[in-house]
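See structure below.
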Amino acid sequence: MLSLLLVLFGVASGSRADSNLSAYADFNSSTGGRLVFGTPFARACFENAGPGVREMYDAASCSGVQSDYTDEATRIDSLGAYINTQWETCQKTGEQCLLDATDPTNALAYSPPAVCSQGSVPPVGLEIASANDVVLAFNFARNRSLKVVVKNTGHDYKGRSSGPDTLALWTRGLQGISINEAFVPQGCPTSTTPVIGVTMGAGVTADVAVAFAEANNITIPTGADPTVGLVGGYTQGGGHSKTSNTMGLAVDRVIEFNVVTSSGEHLVANACQNADLFFALRGGGGGTFGVVLNLTTRALPATAVSAAVVEVTPTPSNVAALLDFMVNNSLQLAQDGWGGAFAPTQGLLSYANPLLNETAAKESVASLQALATSLGGIFIYEYLPTYGAYFSTFGIDPVPTAVPVAQSSRLVPSSLFETEDGRAKLLSALTEGFTALPSSAIFANTPFLAKDPGGTSVHSAWRDSLWHVVLSAGWSFNSSLAQREAVYQSLEDGIAPLRAITPDAAYTNEGDVYEPNWEETFWGSNYAELLSIKNKYDPDHLLDCWQCVGWLGQSDSRYKCYLPPPS
Numbered sequence: 000m001l002s003l004l005l006v007l008f009g010v011a012s013g014s015r016a017d018s019n020l021s022a023y024a025d026f027n028s029s030t031g032g033r034l035v036f037g038t039p040f041a042r043a044c045f046e047n048a049g050p051g052v053r054e055m056y057d058a059a060s061c062s063g064v065q066s067d068y069t070d071e072a073t074r075i076d077s078l079g080a081y082i083n084t085q086w087e088t089c090q091k092t093g094e095q096c097l098l099d100a101t102d103p104t105n106a107l108a109y110s111p112p113a114v115c116s117q118g119s120v121p122p123v124g125l126e127i128a129s130a131n132d133v134v135l136a137f138n139f140a141r142n143r144s145l146k147v148v149v150k151n152t153g154h155d156y157k158g159r160s161s162g163p164d165t166l167a168l169w170t171r172g173l174q175g176i177s178i179n180e181a182f183v184p185q186g187c188p189t190s191t192t193p194v195i196g197v198t199m200g201a202g203v204t205a206d207v208a209v210a211f212a213e214a215n216n217i218t219i220p221t222g223a224d225p226t227v228g229l230v231g232g233y234t235q236g237g238g239h240s241k242t243s244n245t246m247g248l249a250v251d252r253v254i255e256f257n258v259v260t261s262s263g264e265h266l267v268a269n270a271c272q273n274a275d276l277f278f279a280l281r282g283g284g285g286g287t288f289g290v291v292l293n294l295t296t297r298a299l300p301a302t303a304v305s306a307a308v309v310e311v312t313p314t315p316s317n318v319a320a321l322l323d324f325m326v327n328n329s330l331q332l333a334q335d336g337w338g339g340a341f342a343p344t345q346g347l348l349s350y351a352n353p354l355l356n357e358t359a360a361k362e363s364v365a366s367l368q369a370l371a372t373s374l375g376g377i378f379i380y381e382y383l384p385t386y387g388a389y390f391s392t393f394g395i396d397p398v399p400t401a402v403p404v405a406q407s408s409r410l411v412p413s414s415l416f417e418t419e420d421g422r423a424k425l426l427s428a429l430t431e432g433f434t435a436l437p438s439s440a441i442f443a444n445t446p447f448l449a450k451d452p453g454g455t456s457v458h459s460a461w462r463d464s465l466w467h468v469v470l471s472a473g474w475s476f477n478s479s480l481a482q483r484e485a486v487y488q489s490l491e492d493g494i495a496p497l498r499a500i501t502p503d504a505a506y507t508n509e510g511d512v513y514e515p516n517w518e519e520t521f522w523g524s525n526y527a528e529l530l531s532i533k534n535k536y537d538p539d540h541l542l543d544c545w546q547c548v549g550w551l552g553q554s555d556s557r558y559k560c561y562l563p564p565p566s
């Protein structure tokens, strides 16, 4: 194994790096040989490679990479790939290993003099299979002064699961999902009322969970992208869905975590033991307090779901009409149980309602149907017998894949929808933002009607907000530094009018990379308690990520590939 590591690291035996390589070999052996190299996904297409990049140019392998370049299912199973590619790269220097997502066969991206660079892809990772693997990895990282990141499926808008010169703890392989019809959290009194609990490993994705729920006649709400790992940052950051209005956030339903902390403790966290850690993991963010191996969530009963879909040609007048209608009618739609997503500048809307019966639900969106008809568009209403049937028919909205993306977002309080003046201000701010950044969307995925279970650490603004608005922009594979900086500046400018009227909160998982006052914006009054818990369970801050609780700040070498904040 040592000789293989010497070859892969490109270091001759007898050099001063031998002791380091020997340590890696011992570490690999102690974990059953699951140490893997973070080879950039498109490596096989590049004849030229930068320092530290493993593997070789291979035309046949390149053909496969090109075919699968925008395939989410392929990307989530590669340590060196992320769903969006901005954090595969070093944005500050332009070092990267990307193809042209619009045409992966475009030779301009990979032919000489193009160079495949490591960028922000972790050079080495450990495929986590057990709690002991995590303990060994933390000890190894501490002893070698390595930065640590936690990576699951690679859905990451803020670079928290990647980083140059980091050791990745890769949890994608933690599969397994099971149901307990009478689950009681460990350590709780025998008098505790049992619930139907579903325990899932960290690597279980939304599509797997939905299929499992369907097979067991229960409901597990998920986000709209089928390849998101539910246990990682999705749930630990909050976890919204198109049915959050009535079913709540993912953190609202979690009843137990199985977690390993950086000090090497393998803990169960629930309401009856390690309750402070349980609180932190229910909204405090992923990759921060420990490595979650699995969680148990409370299953919801099987339920029918109504779907309402609108498609109109996105002419300026149609976009304005759709946005105006939604600003002025969303409060009533939310009170009726509707939630979902719409992209005004694309003329698309997809809503769901698990609350009303078929007749009431259809009547509730009659005015929306009339709007679609008046705009010459399409309106679809369908009553699906289960959440799984809804998810497979209307619920899936994969994110744009293999392209660099930057975002800025706000939670919009329901109070803005309650007055004519508030709606006018909101409409003006949205019109300005969406005109400047048309690749943006509005999500009615807040727990507006759902009962607050208490004990979560998400920002309290989630409970009285109606919308989660996300402004998005991107850049091409061959962008310049100036172009990347311009994208972030456009987000700063575009979100400013909306931020001015929604000063309280935004969603950490889909927030602005350069969000000012991020502690208050993402966690509000919970931040001080979260920081105390962070210092208790990770006193050395071995786990550190961008704008995460206890973040060390941009001056740390872990963040050398981030751009300076826009003005």
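Numbering of the sequence shown is given in numbering that gives the first Met the number 0, commencing with residue 0 and proceeding in unit increments. Where a beta carbon is used, it is the ideal one built from N, C-alpha and C, also for glycine. Fair warning: this is a prediction, and the values are worked out from it, not measured in the lab.
Residue i - containing beta strand (DSSP E), residue span
i, result
"Thr73", "It is not in any beta strand (DSSP E) - Thr73 instead sits in the alpha helix (DSSP H) that spans 71-74."
"Ala113", "Careful: Ala113 lies outside any beta strand (DSSP E) and carries neither H nor E."
"Tyr380", "377-383"
"Ile254", "253-259"
Straight-line Cα distance separating residue j from residue i
i, j, result
"Val311", "Leu367", "12 Å"
"Glu484", "Ala435", "16 Å"
"Glu357", "His467", "27 Å"
"Thr296", "Leu248", "11 Å"
"Leu541", "Glu94", "26 Å"
"Leu7", "Thr38", "With a pLDDT of 43 at Leu7, under the threshold of 50, the modelled position of that residue is not reliable, and the figure given next carries that caveat. If you take the alpha carbons of Leu7 and Thr38, they lie about 11 Å apart."
"Gly118", "Gly124", "15 Å"
"Met0", "Ala24", "Model confidence at Met0 stands at a pLDDT of 42, short of 50, so the residue's coordinates are unreliable; what they give is reported in the following sentence. Answer to the nearest angstrom: the Cα atoms are 6 Å apart."
"Ser62", "Val120", "22 Å"
"Asn327", "Val364", "14 Å"
"Ala80", "Gly202", "15 Å"
"Tyr382", "Glu362", "13 Å"
"Arg141", "Gly228", "27 Å"
"Gly510", "Cys547", "12 Å"
"Ala214", "Arg42", "40 Å"
"Arg331", "Leu374", "This sequence places Gln at residue 331; Arg is not what is there. Looking at the two C-alpha atoms, the distance is approximately 21 Å."
"Tyr506", "Ala59", "42 Å"
"Asn516", "Ala504", "10 Å"
"Val134", "His265", "8 Å"
"Gln488", "Leu173", "39 Å"
"Ser12", "Ser77", "For Ser12, the pLDDT reaches just 40, beneath the cut-off of 50, and the residue's location in the model is therefore unreliable, although a value from the coordinates is still provided. Cα to Cα, the separation comes out at about 29 Å."
"Ala108", "Trp169", "28 Å"
"Gly9", "Asp555", "With a pLDDT of 42 at Gly9, under the threshold of 50, the modelled position of that residue is not reliable, and the figure given next carries that caveat. Those two C-alpha atoms are separated by around 27 Å."
"Ala16", "Thr165", "Confidence is the limiting factor: at Ala16 the pLDDT is only 47, short of 50, which leaves the residue's position unreliable and the question unanswerable from this model."
"Tyr233", "Asp206", "14 Å"
"Leu98", "Tyr68", "8 Å"
Delimiting residues of the alpha helix (DSSP H) encompassing residue i
i, result
"Ser60", "58-67"
"Trp517", "517-522"
"Ser595", "Past the edges of the chain, shown from 0 to 566, lies residue 595, and the structure says nothing about it."
"Lys450", "Neither: Lys450 is in no alpha helix (DSSP H) and is coded neither H nor E."
"Met246", "243-246"
"Asp492", "480-500"
"Arg422", "419-435"
"Asn534", "526-536"
"Ala275", "A quick correction: the sequence has Asp, not Ala, at residue 275. First-last of the alpha helix (DSSP H) with Asp275: 274-280."
"Gly263", "From DSSP, Gly263 is part of no alpha helix (DSSP H); its letter is neither H nor E."
Residue i: CB within 6 Å of a non-hydrogen atom of the ligand GDP
i, result
"Ala301", "With respect to small molecules bound, the structure shown includes none, and the ligand GDP cannot be examined in it."
Beta-bridge pairing of residue i - partner residues as DSSP gives them
i, result
"Leu542", "Val147"
"Gln406", "Ser471"
"Ala440", "Val469"
"Pro412", "Ser464"
"Glu126", "Trp169"
"Val35", "Gly124"
"Phe268", "Note on residue identity: the sequence assigns Ala, not Phe, to residue 268. Paired residue(s): Phe256."
"Asn47", "Val114"
"Glu94", "Cys89"
"Gly228", "Thr204"
Beta-carbon separation (whole angstroms), residue i vs residue j, contact threshold 8 Å
i, j, result
"Cys89", "Pro163", "7 Å"
"Arg284", "Gly236", "The question names Arg, but residue 284 is Gly in the sequence shown. Rounded, the Cβ-Cβ distance is 5 Å, consistent with contact."
"Leu299", "Thr218", "4 Å"
"Val318", "Arg281", "Not quite, the Cβ-Cβ distance comes to about 38 Å (not below 8 Å), so this is no contact."
"Val309", "Phe378", "6 Å"
"Asp396", "Asp224", "7 Å"
"Val291", "Val230", "6 Å"
"Asn534", "Gly549", "7 Å"
| task | Identify every run of the alpha helix (DSSP H) within the stretch 311-365, keeping only runs that are complete inside it and at least 4 residues long; order them along the chain. | result | The DSSP assignment places complete alpha helix (DSSP H) segments of no fewer than 4 residues inside the stretch 311-365 at 315-334, 357-363, in order along the chain.
Q: Scan the stretch 153-219 and note each continuous alpha helix (DSSP H) run of 4 residues or more that stays entirely inside, going in chain order.
A: 205-214
### Whole runs of the beta strand (DSSP E) within the stretch 288-312, excluding any shorter than 3 residues
290-297, 304-310
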